[in-house]
Each structure stands twice: as C-alpha cells, then as structure tokens.
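Numbering (this note's numbering), first residue to last: 1 to 85.
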C-alpha cells in the first residue's frame, strides 16, 4: 500500500501534466479534455473504492487474528495456572 506522501506526489505530477497540456490546448480541444477529465475521475473513484475495500478486508483479517491470539493467550494462561498449582 502506498503512503499518503507517495499518493500526494503522484497526484501532483498528474495535475501538473494535465494543466500543462491544458495550457497548450486550443479552444476546439477543450471538449476532449473535459471528456478525458471525466474518465480520469471515474478511474480514480474506482481505484479509491478498491483501496477502501482492500483496507477494510485487511482490517477485518487483523481483527480476527487479534481475537484468535487473545483466545490462545487465555488458554496458555489457564495451562500455566493449572501447572503452577
């Protein structure tokens, strides 16, 4: 998973590139830029949604692992207590 800083740098590069090409464009090319912008937005939304789902799944797995480890620790404590008597 990329850090926030990496994502921000990538976004900055994309925006800079887009603004450069927009500045060089002629009036007749603006509808193409608008369509491209809409497509980019959809792609970014898809990537964000996918990343959110992946993060949620990873968090669920971590929570399940934590529960299993707590149960295992409780069993070890009981065994330790039994053997200490």
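Where is the CB? At the ideal position from N, CA and C, for every residue including glycine. None of the values given here were measured: they were computed from a predicted structure.
Check whether residue i and residue j have beta carbons under 8 angstroms apart
i, j, result
"residue 25", "residue 33", "yes"
Neighbourhood of residue i by C-beta distance below 7 angstroms, restricted to the same chain and skipping five residues each side
i, result
"residue 8", "none"
"residue 58", "none"
In chain order, which alpha helix (DSSP H) runs of at least 4 residues are fully inside the stretch 11-43? Listed in chain order, the alpha helix (DSSP H) elements of length 4 or more contained wholly in the stretch 11-43 amount to none.
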